[in-house]
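Report on one structure; see the data block that follows.
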Amino acid sequence: MKRIKKERKKKIMEKIRKAGSEKYETSWDEKGVPKSKKKSEIKKGRTSRARGARFELKVRAELEAQGWIMDKWTNNVDLDEGKIVKAKRKYNPFKKMLIVGTGFPDFISFKKKGKKGHEVIGVEVKINGILSKIEKEKCAWYLNKGIFSKILIAKAVKEGRKINVEYVDFRERYVKLFKK
Numbered sequence: 077m078k079r080i081k082k083e084r085k086k087k088i089m090e091k092i093r094k095a096g097s098e099k100y101e102t103s104w105d106e107k108g109v110p111k112s113k114k115k116s117e118i119k120k121g122r123t124s125r126a127r128g129a130r131f132e133l134k135v136r137a138e139l140e141a142q143g144w145i146m147d148k149w150t151n152n153v154d155l156d157e158g159k160i161v162k163a164k165r166k167y168n169p170f171k172k173m174l175i176v177g178t179g180f181p182d183f184i185s186f187k188k189k190g191k192k193g194h195e196v197i198g199v200e201v202k203i204n205g206i207l208s209k210i211e212k213e214k215c216a217w218y219l220n221k222g223i224f225s226k227i228l229i230a231k232a233v234k235e236g237r238k239i240n241v242e243y244v245d246f247r248e249r250y251v252k253l254f255k256k
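Quick note: the sequence shown uses this note's numbering, first residue 77, plus one each step.
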């Protein structure tokens, strides 16, 4: 049998000790490596996903009340190839189903503009209102190609106990990234 270094043995024993603990939950990845996660962190992730989904519904209802026709955007941008591709669906192993809705931005919205035209915008819903570097690049790509006339970032603003929605125009917030 192969000899194990002391540090490696300590790490293995620590993982085994954590696995038996009530504060941790152990799962194994595809390679068979055990991963220990704090149960409090698992619960935090679950609640934040639910909170984001509720906020997304609130944004959709508010824009529909303003006269926008809303739909879930199921495409994404492949920045390497420079084209729109169909978004990959996520598989939920616990519910044994595919989850739709992984496109960027979250929504596409239409509104009649004049007699012949329509205004088409993209809406990305973020509770904190901050986009990642890749998301900023994708927004700039959509605007430069003329796919959306503008992209709104829906952000949660807390006023007392009530959470209101604030819309930030991507062009105004990230002027440097956008080419005219």
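Beta carbons: idealized from backbone N, C-alpha and C, even for Gly.
Whole-angstrom distance between residue j and residue i, CA atom to CA atom
{"i": "K166", "j": "K87", "result": "33 Å"}
{"i": "V161", "j": "L155", "result": "10 Å"}
{"i": "K209", "j": "A163", "result": "19 Å"}
{"i": "A126", "j": "V135", "result": "14 Å"}
{"i": "I227", "j": "L207", "result": "12 Å"}
{"i": "K191", "j": "E138", "result": "24 Å"}
{"i": "E328", "j": "S124", "result": "The shown model of the chain, from 77 to 256, leaves out residue 328, and the question about it has no answer."}
Counterpart residues of residue i in DSSP-defined beta bridges
{"i": "K148", "result": "F183"}
{"i": "L228", "result": "V199 and D245"}
{"i": "G193", "result": "K189"}
{"i": "K134", "result": "K134 pairs with nothing; no bridge assigned."}
Closest Cα partner of residue i within the set the options
{"i": "I282", "options": "I223, V251 and G205", "result": "With the chain running from 77 to 256 in the structure shown, residue 282 is simply not present."}
{"i": "I145", "options": "I197, F180, V233 and K231", "result": "I197"}
{"i": "E140", "options": "V153, T123, K187 and G121", "result": "K187"}
{"i": "V233", "options": "E83, I118, Y250 and V244", "result": "V244"}
{"i": "E157", "options": "M89, W217, Y250 and K231", "result": "W217"}
{"i": "N240", "options": "K231, E83 and F246", "result": "K231"}
{"i": "G179", "options": "K221, D147 and I203", "result": "D147"}
Where residue i falls, given that 16 or more other Cβ within 10 Å makes a residue buried
{"i": "I184", "result": "buried"}
Residue i: first and last residue of the uninterrupted alpha helix (DSSP H) it sits in
{"i": "K221", "result": "K209 to K221"}
Any non-hydrogen atom of the ligand SAM closer than 7 Å to residue i Cβ
{"i": "D147", "result": "As presented, the structure is devoid of all ligands, the ligand SAM included, so that no description of it is given."}
First and last residue of the uninterrupted beta strand (DSSP E) at residue i
{"i": "K159", "result": "K159 to K162"}
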